[in-house]
Every structure is written in structure tokens, then in C-alpha cells.
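Residue numbers (the working numbering): 35 to 318. A virtual CB, placed ideally from N, CA and C, is assigned to each residue, including glycine. Quick caveat, the model's predicted, so the values are computed rather than measured. Take a look at the structure set out below.
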Ligand SMILES: Nc1ncnc2c1ncn2[C@@H]1O[C@H](COP(=O)(O)OP(=O)(O)OP(=O)(O)O)[C@@H](O)[C@H]1O
Ligand SMILES: [Mg+2]
């Protein structure tokens with residue numbers, strides 16, 4: 035059970051003067067249950083790659099298989115039942131006149147009774163923490179955070195095995211962001227495979243189990259957050275940051291000469307300081 039990508043190439047505007055090779059032969063496998071973050075400089079091909087996972091874009095060359103089934107024009111419906119996609123801008127996927135209708139939209143293809151639809155909508159809106167009182171409002175009257183919740187909710191009603199999100203925390207305030215990341219973690223713990231693109235290295239370090247780094251349409255690093263964020267200089271050459279706490283402790287190690295491990299999560303930093311104090315190493 036996995037998303038298998040074999041030598042995927044994607045060229046936009048083929049055979050025009052604007053032709054652009056956005057993906058240049060990507061091969062990777064994402065196993066069921068993983069929590070994967072894709073990072074990379076702007077224009078490196080992250081969104082293009084994501085959109086292949088549920089057939090929003092089809093390969094120019096190469097292939098994608100979902101649980102062994104190759105994505106083609108003919109099986110998009112069955113693929114999209116398994117693979118839910120949340121767009122970078124929620125406005126791009128919200129179009130019904132009320133919140134309820136918007137969330138329920140994706141269920142039309144399942145031929146459920148009104149009662150079953152209502153149950154699923156209620157279940158998913160509880161998961162994402164969306165207030166039922168918003169159901170009859172127009173989606174266009176909602177705040178950015180509420181819109182994003184509606185967009186995620188509209189994908190979760192279909193119970194996807196794979197959840198793909200393009201910058202799900204962008205534009206949210208810090209509480210909205212924390213809530214969104216906690217929701218994704220909870221979904222992942224319940225068995226949903228989560229794949230997201232993020233520009234926030236702090237967020238990636240906190241939630242992802244695997245980080246894929248892209249550059250110019252290719253994958254240049256693929257490993258655990260610790261493996262990837264240990265490579266500060268290489269990431270910097272790609273104009274990518276490392277998490278704040280990682281940078282802080284690396285600078286501290288440089289200046290103090292203390293031999294301390296790389297930390298990528300805030301809690302690890304706190305634990306490390308406690309350990310250094312307990313060992314008396316901070317007093318030297
Ligand atoms: N519809 C399109 N038509 C032509 N070129 C495109 C199109 N969409 C993207 N591109 C080009 O393909 C390349 C990869 O774009 P993509 O949107 O996948 O990058 P990205 O890594 O998601 O960037 P960002 O971080 O800014 O969202 C870029 O050079 C972009 O200009
Ligand atoms: Mg993008």
C-alpha cells in the first residue's frame with residue numbers, strides 16, 4: 035500500500051516558447067501511514083509533484099501508482115476517493131453557496147442518503163473543529179482559517195487514505211496553525227497518510243516523519259527531519275532555512291565548543307538544556 039512514483043516528468047506548455055520542465059524524472063515511494071513534508075525553494079516543483087498524486091495533473095512521462103493502481107485519465111474517480119487534495123488557496127476549492135453544501139459536495143458521487151451525508155459532514159466538521167453554526171453561512175463570508183477548515187473538512191468527508199495538502203498552514207494565525215498541525219497529526223495517528231508542502235521548517239520539524247527536498251524539478255534530499263536539517267550548509271545553498279531551534283543550538287555549539295547533538299524540535303531543545311544543567315556542563 036503506497037504511492038509509487040516512477041521516473042515522473044512534467045512539462046508545462048509543451049511545444050510552445052514557454053515550455054517548462056517542472057519535474058525532471060522523480061522516483062520515490064510513500065508508504066501508507068507516513069507523514070511526509072516536501073520542501074524546496076519557490077518554483078522547485080512541489081505543487082506540480084503534489085498535483086500528480088491525485089491526478090489533477092497527469093505525467094508527461096513516467097507513472098504514479100496508488101496502492102498498485104496506475105493513475106490514468108480513466109480511473110480518476112476511484113483514485114480521488116483514496117487521495118484527497120487540499121489546495122494552497124482554499125478559495126480554489128470552495129464554490130457552493132453554503133458551508134454545508136460545500137462540505138457535502140464531494141459525497142455526491144457516493145450515492146448516500148441525506149441522513150448519511152449529514153452524519154459524515156458532522157463527523158468531519160467535529161474533527162476539524164468547525165462550528166455547526168457556520169453551516170448555513172456563505173463560504174465567502176468566512177475568515178481565512180475557517181475557509182481552510184471547510185476545505186479540509188470537504189476532503190475528509192470522503193474518508194481518504196491519503197491526504198495531500200499544499201501549504202495548509204499558510205495564512206493562518208499561530209493558534210490556527212497549531213490547530214491545523216495537531217489535526218494532521220491526529221489524522222496521521224488514526225492511519226491517514228499525510229503529505230504536505232510547507233515553507234515553515236519549524237512546522238516540518240514538529241510534525242513530519244520524513245522530509246523530501248526538491249530543487250529544480252528533482253529530489254535532492256530525502257530522509258528523516260534530523261538527517262535533513264543536520265545539513266545546514268547544503269540547505270542554505272538552496273536558500274532553505276533550518277528550524278529556529280536547530281539554528282540556535284548549532285550557533286550555541288559553535289560558540290561554546292560544547293559537543294551537543296542536533297536538535298530539531300523545541301521540546302528536544304528544552305530537554306537538552308535540562309540535561310546540560312544536570313551534567314554541570316553549562317557552568318564551565
Ligand atoms: N500552469 C503552469 N504553466 C506553466 N508553468 C508553470 C505552471 N505551473 C507552474 N509552472 C512552472 O513550473 C515550475 C514549478 O512550479 P510549482 O508551482 O510546482 O513550484 P512550487 O515549488 O510549488 O513553488 P511555490 O513554493 O512558489 O509554490 C515553476 O518554474 C513554475 O513557474
Ligand atoms: Mg507551490
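Helix, strand or coil for residue i, going by three-state DSSP, please let me know.
{"i": "residue 222", "result": "helix"}
{"i": "residue 323", "result": "Examination of residue 323 is not possible in this model, given that the chain is present from 35 through 318 alone."}
{"i": "residue 235", "result": "helix"}
{"i": "residue 305", "result": "helix"}
{"i": "residue 229", "result": "strand"}
{"i": "residue 90", "result": "coil"}
{"i": "residue 310", "result": "helix"}
{"i": "residue 117", "result": "strand"}
{"i": "residue 147", "result": "coil"}
{"i": "residue 82", "result": "helix"}
{"i": "residue 103", "result": "strand"}
{"i": "residue 297", "result": "coil"}
{"i": "residue 142", "result": "helix"}
{"i": "residue 316", "result": "coil"}
{"i": "residue 108", "result": "helix"}
Taking the alpha helix (DSSP H) that residue i belongs to, which residues open and close that run?
{"i": "residue 71", "result": "Careful: residue 71 lies outside any alpha helix (DSSP H), inside the beta strand (DSSP E) at 69–74."}
{"i": "residue 134", "result": "133–138"}
{"i": "residue 263", "result": "259–263"}
{"i": "residue 279", "result": "278–290"}
{"i": "residue 271", "result": "266–271"}
Measure the beta-carbon distance from residue i to residue j and round it to whole angstroms, keeping in mind my assumption that it falls under 8 angstroms.
{"i": "residue 244", "j": "residue 70", "result": "5 angstroms"}
{"i": "residue 151", "j": "residue 183", "result": "Not confirmed; about 18 angstroms, so no contact."}
{"i": "residue 166", "j": "residue 159", "result": "7 angstroms"}
List the endpoints of the continuous beta strand (DSSP E) containing residue i.
{"i": "residue 57", "result": "54–65"}
{"i": "residue 97", "result": "95–100"}
{"i": "residue 244", "result": "244–249"}
Legend entry - Residues near ligand 1, criterion Cβ-heavy atom distance below 6 angstroms: Taken from the N-terminal end onward, the list reads 46, 47, 54, 56, 74, 76, 77, 78, 79, 80, 81, 82.
Legend entry - Contiguous alpha helix (DSSP H) assignments of at least 4 residues, all confined to the stretch 150–216: Within the stretch 150–216, the runs of alpha helix (DSSP H) at least 4 residues long that lie entirely inside it are, in chain order, 178–190.
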